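The next block holds one structure in the form of structure tokens; read it before the comments.
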Ligand SMILES: Nc1ncnc2c1ncn2[C@@H]1O[C@H](COP(=O)(O)OP(=O)(O)OP(=O)(O)O)[C@@H](O)[C@H]1O
Ligand SMILES: [Mg+2]
């Protein structure tokens, strides 16, 4: 058994080496397919991970807030429950965005075993005025220490430190993009105007950068009481409860429970970033369909070359059989050839894929205003190299099997009789 | 003692039309016999040789070699049987073109796997030397002349010391010197080593010197020939 395998390998080797060009062409087909697969999948999963990271940065795992778009029954319907009611042009009630008893809710959520951290805050639309410039944006009143636990703000600080916000009651930490647009710097005072017309001058005590234009260009942090003051609201006014989970993948399963228990909208990060995450799905579809196509093409290449080889070697196969080689020996000889082509081709493909991924990861890339990156994110996860080689060898094995089986069935007498 | 027994072998070709090539051929060959098969071109000699060598299993009748009944056995069994018991020299000496002369000779022995690789190589060299081909051993077989290729094919047929060596015009491409040499080798194999030779030949001289001449005509054996060696008659 071992001997017959050794002999088959020897014969296969002589066959492969006697037609080096043909062998090389077959190998390069696989190399190209696997190389492209590895490069594509590395880049695409890198982009996916970046997208997910951005989604995670820009929203908490679960956010609880008062959603005023929630449909409400008209008074008529409440009174006349079983009758036929027609209500035209129902307008939203002037509802406060306040989440009642936010502190109590936060305390109860903290007890949930899956929860890692909770912070309460209030968000408001504001105008930022600095000199002649007026920009609309958002101000978030936060407990900066809690917020840092959830979003790791400390590492996002470009200037100043988060502690400054605790000591400085009229300070704000501003998004780096927003500051650039205002042409304001740390230490400058900016004028904040609320939609209700209240105005207050606040001092920039630090700059942060999340890496997403949608945040960096519009948002500032201030303390909870500062924002409550400029909004003219009481000490209990809170608009959001942000929750960080131990496993962020669980968010969409846990959120509905919170919505039920507290009567406020609980939105998980995937829902909040649905459009952004749609890109992930599209990229996955693209990666796998292109890769599979490439591999199928490589498979056809191998099938072709092996079929031609076997056709040209009919006489040799007949002689081998006349000398005492069995059908399975012949099959083995040609299967070994296709597997060697597949294995070496795939290994070369992994190398090419790695080099391509490496070059992509080093090439400068400007993320522009939207995301602050200076080169494309590439994922060097070894799992894709394993998938690559398994796919490569599997494809060649399937492509080589049919011609090899045909070779094993050749009747030597038909060929030798001439 | 019979090493080969063929009983009522008939064979038909169906292309381009049904046509009986072999007509109830009966043939027994003794161990150690050197038999020549002669007959006009197209009378069915090669066809019979393919049946006797187990390569062709589409025939009627019965075939037994070295005490084993071979009719109706499957292809893999027959392949293994050929490897061990039969050496064959084709009319058109087929070698594997990408392999060296030495590799061609070694292959059946490597397949049989009774000896170490080194022993096989030594034995192959010995056979090549016997046929005056040892200096060509490492050449690619496709780079050899017709006569040289034929001698490599003969060396290959001998490598596993088969019970029976079948040749379809094994000296067809050889000059008279080499023909003599091959004849002497065959004679020694039969007389000293009790191997059996069945050789198709058009060479009158070659046939007459062998132990027995069987003549075919139009798919039948028309003359069984006389055994010339006394010891064969006793056996
Ligand atoms: N594959 C085939 N299909 C149909 N007929 C065939 C086939 N092979 C041989 N024949 C016919 O069978 C007959 C016997 O052929 P065979 O090759 O056995 O002759 P031969 O005695 O070996 O002749 P030669 O001395 O020329 O080699 C011939 O009439 C030939 O035409
Ligand atoms: Mg013939």
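Residue numbers (this note's numbering), protein chains in the order written: chain A, 1101 to 1518; chain B, 1058 to 1292.
Just so you know, even glycine gets a beta-carbon here, dropped at the ideal spot from N, CA and C.
The model shown is predicted, which means the values in this text are computed figures rather than measured ones.
- Message: Three Cβ pairs or more, each shorter than 8 Å: is that satisfied between the segment 1153-1169 of chain A and the segment 1330-1350 of chain A?
- Response: yes
Do you know whose CA, among 1283/B, 1093/B, 1122/B, 1177/B, lies nearest residue 1159/B's CA?
1177/B
Check your understanding: Can you round the beta-carbon distance between residue 1426/A and residue 1112/B to whole angstroms, since I take them to be within the 8 Å contact cut?
Key -> In fact, because the Cβ distance is near 14 Å, the residues do not count as touching under 8 Å.
Once you ignore the five residues that flank residue 1269/A on each side, which residues in its own chain have a CB closer than 7 Å to its CB? 1323, 1326
### Query
Measuring CB to CB, does residue 1278/A end up less than 9 Å from residue 1318/A?
yes
- Task: Kindly provide the ranges of any alpha helix (DSSP H) runs that are 4 or more residues long and lie completely inside the segment 1199-1244 of chain B, ordered along the chain.
- Result: 1203-1215
Exercise for review: Find the nearest neighbour of residue 1375/A within the set 1128/A, 1105/A, 1151/A, 1115/A, judged by alpha-carbon distance.
Suggested key: 1151/A
Measure the Cβ-Cβ separation of residue 1209/B and residue 1162/B and say whether it is below 9 Å. yes
Quick one, which residues of the segment 1153-1180 of chain B are near chain A if we go by CB-CB under 8 Å, in chain order?
1153, 1154, 1155, 1156, 1160, 1164, 1165, 1167, 1168, 1169, 1170
Should residue 1280/B be flagged as near chain A, meaning a C-beta pair shorter than 9 Å?
no
Could you pull the DSSP bridge partners for residue 1464/A from this structure?
1475/A
Are there three or more Cβ pairs, one per stretch, closer than 8 Å when the segment 1247-1255 of chain B is compared with the segment 1088-1106 of chain B?
-> yes
Is the separation between the beta-carbon of residue 1293/A and that of residue 1229/A shorter than 9 Å?
yes
Q: List the whole-angstrom C-beta distance separating residue 1227/B from residue 1256/B, where the pair is believed to meet the contact cut-off of C-beta under 8 Å.
A: 6 Å
Can you pull the DSSP bridge partners for residue 1274/A? 1307/A, 1320/A
Residue 1077/B - containing beta strand (DSSP E), residue span:
1076-1087
_Which of helix, strand or coil DSSP assigns to residue 1199/A_ = coil
- Query: Nearest chain A C-beta to residue 1141/B closer than 9 Å, yes or no?
  - Reply: yes
*C-alpha gap between residue 1351/A and residue 1369/A, whole angstroms*: 7 Å
Check your understanding: Using a Cβ-Cβ cut-off of 6 Å (strictly less than) and excluding sequence neighbours within five positions of residue 1414/A, which residues of its own chain qualify?
Key -> 1515
Secondary structure, alpha helix (DSSP H): runs of 4+ residues fully inside the segment 1234-1265 of chain A:
1244-1251
Determine, using beta carbons only, whether residue 1098/B comes closer than 9 Å to chain A. no
Ligand 2 and residue 1148/B: does the residue's C-beta get closer than 8 Å to at least one heavy atom of that ligand?
yes
Mind checking whether residue 1062/B and residue 1069/B have CB atoms under 9 Å apart? no
Item checked: Rounded C-alpha distance that separates residue 1183/A from residue 1248/A -> 53 Å
Quiz item: Is residue 1157/B near ligand 2, judged by its Cβ being under 8 Å from some heavy atom?
Solution: no
* To do: Following the continuous beta strand (DSSP E) through residue 1270/B, name the residue where it begins and the one where it ends.
  => 1269-1274
By how many angstroms is the C-alpha of residue 1400/A removed from the C-alpha of residue 1441/A? 13 Å
Kindly give me the distance between the Cβ atoms of residue 1431/A and residue 1507/A, rounded to whole angstroms, as I take these residues to be in contact under 8 Å. 7 Å
Item to check | Nearest-angstrom Cα separation, counted from residue 1215/A out to residue 1244/A | outcome: 19 Å
Option nearest residue 1278/B by Cα separation, candidates 1195/B, 1060/B, 1165/B, 1067/B:
1067/B
| said: Using the three-state DSSP reduction, which class does residue 1412/A fall into: helix, strand or coil? | reply: helix
Tell me which residues share the same chain as residue 1102/B and place their Cβ nearer than 7 Å to its Cβ, disregarding the 5 neighbours each side in the sequence. 1094, 1096, 1257, 1273
Subject >> Contact under 9 Å by Cβ, residue 1141/A with residue 1387/A >> reply: yes
Does at least one heavy atom of ligand 2 sit under 8 Å from the Cβ of residue 1225/B?
yes
Taking the Cβ atom as the reference point for each residue, do residue 1273/A and residue 1265/A lie within a distance shorter than 9 Å? yes
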